[in-house]
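In the working numbering, the protein residues as written are 17 to 535.
If you want it as C-alpha cells, here you go:
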C-alpha cells in the first residue's frame, strides 16, 4: 500500500491530508484562531466534587471547568491512557487487588492537581482530563503516574513490533530511565533504530517532565504547564513513519522546519520529504480538493450504485446502507453481501476521514445467513485496523445492527469546521413553502386586533423569498385572497431574496415600518 502525506499551508490555515493508494483517508485542519487544547498539561484546582458520579470539576484556567472521572485518576490505571500489550504480573495483581475507592478519599475541593486534557470541549461540555500524564516524543511516550511506585513503572512496546528479540532489545535500552512514577511506551517507529535515538528521546522527555513538575510547584492557581505541538509538528511526529512513502509540503519555511526536525533526530526519512513548487494548488494537483468537500455530505455513493447515509448527532452517529435503485426481489444473496462488503470498506474510511467518535450504529442491508454477516464484520475489522484511534466492534445484534465505539478526542471534522444552520437550527430541514404560508396566515390573524387598534391601516407589504412568492402565485393564491377578505386588509407581495427561504417580513404600506417582530 502506497501512503503519502500532503501539507497545504496558507496565512490562514494548515491542512494535512493522508492518502493511501491515492485515496483520501484522513484529513486535518488547523486555523490561527483554533483553540486546540488536547494533550495540554495544566495545574488545576478542584472546584466541585460530585460523589454520586465519582467525578469532579476542575478549574484549569480556561472558560469552562474540566471534567475528571475517577477512572481517569492516577493509581487506578498504572500505565496511563494507553493500551498495554503484555501487562506484567505485578500490574495484573494490582488490577485484581485494587478496588475503586470513593473519590472523596482521593481529592477534596481546593486541592491542586496536575492534569492533562484527553478530550476537547464539545458543544457546552468542558474538556475531559486525566491525572495519568503522557508526553509523546518521536520514539517514546513518557507516562507519568504521580502516585505510582517503582513496582508500576514499566516499559511497554508497540504491538506492531512483533519480533521478540527486537522487543527485548528496545526494552533493555529504555529500562534504565524508568524511575518511580515514570514509565515508557516504545513507539512503532523505534523498530530497528540505534540505541542513541531512544536514549536521547528518553532524556529529552525526562527534562520536559521535570520542568512540568518544577513549574507545578513554582506557580499558584490554574496554569498551562505544557502545550501540545501544533498540527504540522504533531503530524510529522505521529504519522511520518517508515510506512509513509513521501511527505509533500507547499510551504518553504515548513519544509525547512520538517527537514531540521528530522536532521536533529538523525532520521533517514528526510529523503522522503519534498517541497512542492508547482503553481497549481497542491490539493488540486492531487485531485483531493473535491474529496475534501464531500466530507460534509450525508450521502456517500459507492461504486456499485449503492450508498451509505451518515447522520451525526451529539449522542451517536448512525450509518445506513442503501442498495439504491436495485429492486429487492431481484437482489441475490451474493449481491447483498457484496454491497455490504463494499459498504464496510467505505464506512471504515469515512470514520477515519470524518474523525467520527463515540457510539456508531451501522444498519447494513439485511442478510439471511450468519456466515455472510461474519464475512462483513471481518471486512469492517480488516479496514478499521488501519485506524490509530482505539475502537471496539460488536457483531450483529438481534435487531440486525452493528455497534462500533471509537475513541473520541474532540469534535469531528464536520463539527469543528461548520456551525449549526441558522435557518434549520441543526435539523437539516426547513419549513416547506406551504408551512411558511400557514405561518404568515397565523401571524396576520394574531396581529389583526393590534393592527386595527394601534395602526389603523388597511394596507401592508409582505416581503418573501422568491421560492415562497412563486408558490403563492402558482399554487396557493386563492388561499391568500381568502385571507385578505377575512382580514379586510390589502397585502402587496414583494420578492426579497435576502430573506431565508422560509422567512418573511411585514411592513406598513404608509411609512414602510417593519412590524414583523410585534407578533
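Idealized CB from N, CA, C, for every residue including glycine. Model, not experiment: these values are computed from the prediction.
- Straight-line measurement puts the Cα of residue 74 at about 9 Å from the Cα of residue 80.
- Of the residues assessed, residue 69 falls on the exposed side of the cut-off, its CB having fewer than 16 other CB atoms within 10 angstroms.
- Ranking 232, 427, 203 by CA distance to the CA of residue 171 puts 203 first.
- DSSP places residue 85 in the uninterrupted beta strand (DSSP E) bounded by 82 to 85.
- Of the candidates 332, 325, 44, the residue whose Cα lies closest to the Cα of residue 339 is 325.
- Taking residue 371 as the centre and dropping the five residues before and after it, the same chain places the C-beta of 428, 429 closer than 6 Å to its C-beta, in chain order.
- Residue 177 is positioned such that its CB atom lies no closer than 8 Å to that of residue 215.
- If the five residues before and after residue 136 are omitted, its C-beta is found closer than 8 Å to the C-beta atoms of 52, 53, 54, 143, 425, 426, 427, all from its own chain and listed in chain order.
- Beyond the five residues adjoining it in sequence on each side, residue 85 comes within less than 6 Å, by CB distance, of 71 in the same chain, given in chain order.
- Within the same chain, 21, 23, 32, 44 come within 8 Å of residue 251 by CB-CB distance, once the 5 residues on both sides are set aside.
- With fewer than 16 other beta carbons inside 10 angstroms of its own, residue 494 counts as exposed.
- Shown here, residue 58 sits in a strand according to DSSP, grouped into three states.
- According to the DSSP secondary-structure assignment, residue 421 is paired through a beta bridge with 375, 408.
- In this structure, DSSP gives residue 293 a state outside helix and strand, which the three-state scheme calls coil.
- If the five residues before and after residue 485 are omitted, its C-beta is found closer than 7 Å to the C-beta atoms of 509, 511, all from its own chain and listed in chain order.
- Counting only residues of its own chain and dropping the five nearest sequence neighbours on each side, residue 183 has a CB closer than 7 Å to the CB of 173, 177.
- Taking all protein chains shown into account, residue 83 has 16 or more neighbouring C-beta atoms within 10 Å of its C-beta and is therefore buried.
- With at least 16 other beta carbons inside 10 angstroms of its own, residue 353 counts as buried.
- Rounded to the nearest angstrom, the gap between the Cα atoms of residue 453 and residue 351 is 46 Å.
- With a contact defined as Cβ atoms closer than 8 Å, residue 124 and residue 239 miss out at about 20 Å.
- The alpha-carbon of residue 316 is positioned some 37 Å away from that of residue 492.
- Following the DSSP letters along the chain, one finds residue 150 inside the beta strand (DSSP E) bounded by residues 148 to 152.
- Residue 211 sits exposed, since fewer than 16 C-beta atoms from the chains shown fall within 10 Å of its C-beta.
- According to the DSSP secondary-structure assignment, residue 510 is paired through a beta bridge with 479.
- Between residue 382 and the set 395, 504, 417, 394, the nearest pair of CA atoms involves 417.
- Here residue 43 is bridged, per DSSP, to 33.
- About 7 Å separates the CB atoms of residue 158 and residue 150; that is less than 8 Å, so the two are in contact.
- Between residue 275 and residue 282, the C-beta spacing is not below 8 Å.
- An exposed status is given to residue 257, since fewer than 16 other beta-carbon atoms sit within 10 Å of its beta-carbon.
- At a Cβ-Cβ threshold of 8 Å, residue 501 and residue 474 do not count as neighbours.
- Annotation for residue 132: 57, 146, 149 place their beta carbon closer than 6 Å to its own, counting only its chain and skipping 5 residues before and after.
- Around the beta carbon of residue 461, a 10 Å sphere encloses fewer than 16 other beta carbons of the protein chains shown; the residue is thus reported as exposed.
- Under DSSP, residue 326 shares a beta bridge with 335.
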